[in-house]
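Student: Structure provided below as structure tokens; questions to follow.
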Amino acid sequence: MLFDTHVHLNADQFEEDRAEVIKRAHQAGVTHMVVVGFDEKTIKGALEIAEEYENIYAAVGWHPVDAIDMTEDHLAWLEELAAHPKVVALGEMGLDYHWDKSPKEIQKEVFRKQIRLAKKVKLPIIIHNREASQDIVDILNEEGAAEVGGIMHCFSGSVEIARACLDMNFHISFGGPVTFKNAKKPKEVAIEVPLDRLLIETDCPYLAPHPYRGKRNEPAYVQLVATQIAELKELTLEQLAEQTMNNAKKLFNII
Ligand SMILES: [Zn+2]
Ligand SMILES: [Zn+2]
93 MLFDTHVHLN ADQFEEDRAE VIKRAHQAGV THMVVVGFDE KTIKGALEIA EEYENIYAAV
153 GWHPVDAIDM TEDHLAWLEE LAAHPKVVAL GEMGLDYHWD KSPKEIQKEV FRKQIRLAKK
213 VKLPIIIHNR EASQDIVDIL NEEGAAEVGG IMHCFSGSVE IARACLDMNF HISFGGPVTF
273 KNAKKPKEVA IEVPLDRLLI ETDCPYLAPH PYRGKRNEPA YVQLVATQIA ELKELTLEQL
333 AEQTMNNAKK LFNII
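Here the numbering used here is used: the first residue of the sequence shown is 93, the next is one more, and so on.
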């Protein structure tokens, strides 16, 4: 049984065949998932899916790329949604310096506001980081994010950055890129991360693992990520599956 901790089944790419994709996930042993919403439309989509399926949960937050669009009303809405029985985390949130739609200062402010909200509602946070590792670590530290902890999703940073995040009570989640032949850094980090802080994800429809690289990703493929990590950790697939399932359930407070 596998827990895919980061899916975007709410994305338009799944509009045509969402039910079949979920069925394929179940057939592949992927029993649990968290659908991540990061703006008005995808948050609503995440909640709809989480309400429909038993072991599918939702995370709600505001993406750094769209930080410039987040209003105080949106923040109040996130606070309301935090009480929803299927909402298990806030996010994804963070910093993305690859795209320049939202200026860095606005991204940082929106990130800080969401961390403060998470501490208020006592939910873990899911962090999106693109080309912004040091600023992310600094803000998590300054805002005392260790109090809620959470997930560094689809981690691609260095061993040093991973250690800083582990020290702040965060889990490290690996996605498709860890399976790429040239992925030296994520493999090194995966070896270093303690077993009780390890998570797996697809981030589907993006970042499909080898041999589907470049194609539409789906939760069933999290098995390929799990197989790669099990190999790196010298565990059986079953051991790795059980460990990451327990880690995710504990973090998301799922019985
Ligand atoms: Zn992301
Ligand atoms: Zn994502």
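Heads up, the beta-carbon is just placed ideally off N, CA and C, and yes, glycines get one too.
Quick check: what's the CA-CA separation for isoleucine 253 versus serine 225?
Tutor: 7 Å
Student: Any idea what DSSP makes of arginine 308, helix, strand or coil?
Tutor: coil
Student: Could you name the residues of the same chain whose beta carbon sits closer than 6 Å to that of leucine 287, not counting the 5 residues immediately before and after it, in chain order?
Tutor: Gln335
Student: Whose C-beta lies closer than 7 Å to the C-beta of isoleucine 141 among residues of the same chain, with five residues either side of it excluded?
Tutor: Leu101, Asn102, Val127 and Ile148
Student: Going along the chain, which residues of its own chain have a beta-carbon closer than 7 Å to the beta-carbon of valine 270, five neighbours each way excluded?
Tutor: Within the same chain, valine 270 has close Cβ partners Pro278, Lys279, Ala282, Val317, Gln320 and Ile321.
Student: Using the Cβ count rule (16 or more neighbours within 10 Å means buried), how would you classify tryptophan 154?
Tutor: buried
Student: Over what stretch of residues does the beta strand (DSSP E) that includes phenylalanine 266 continue unbroken?
Tutor: For phenylalanine 266, the enclosing beta strand (DSSP E) begins and ends at 262-266.
Student: Measuring only from the beta carbon, is glutamate 184 closer than 7 Å to any heavy atom that is part of ligand 2?
Tutor: True, at least one ligand heavy atom lies under 7 Å from that Cβ.
Student: State the DSSP-derived secondary structure class of glutamate 184, mapped to helix, strand or coil.
Tutor: strand
Student: Do you know how far the Cα of arginine 204 is from the Cα of arginine 289?
Tutor: 24 Å
Student: When DSSP builds the beta bridges, which residues end up paired with valine 122?
Tutor: Leu94
Student: Report back the beta-carbon spacing between cysteine 296 and valine 99 to the nearest angstrom; my notes put them in contact at under 8 Å.
Tutor: 5 Å
Student: Consult DSSP for glycine 352 and reduce its assignment to one of helix, strand or coil.
Tutor: Absent from the structure is residue 352, since the part of the chain shown begins at 93 and ends at 347.
Student: The beta strand (DSSP E) that contains alanine 291, what's its start and end?
Tutor: Reading off the sequence, residue 291 comes out as leucine, not alanine. First-last of the beta strand (DSSP E) with leucine 291: 290-292.
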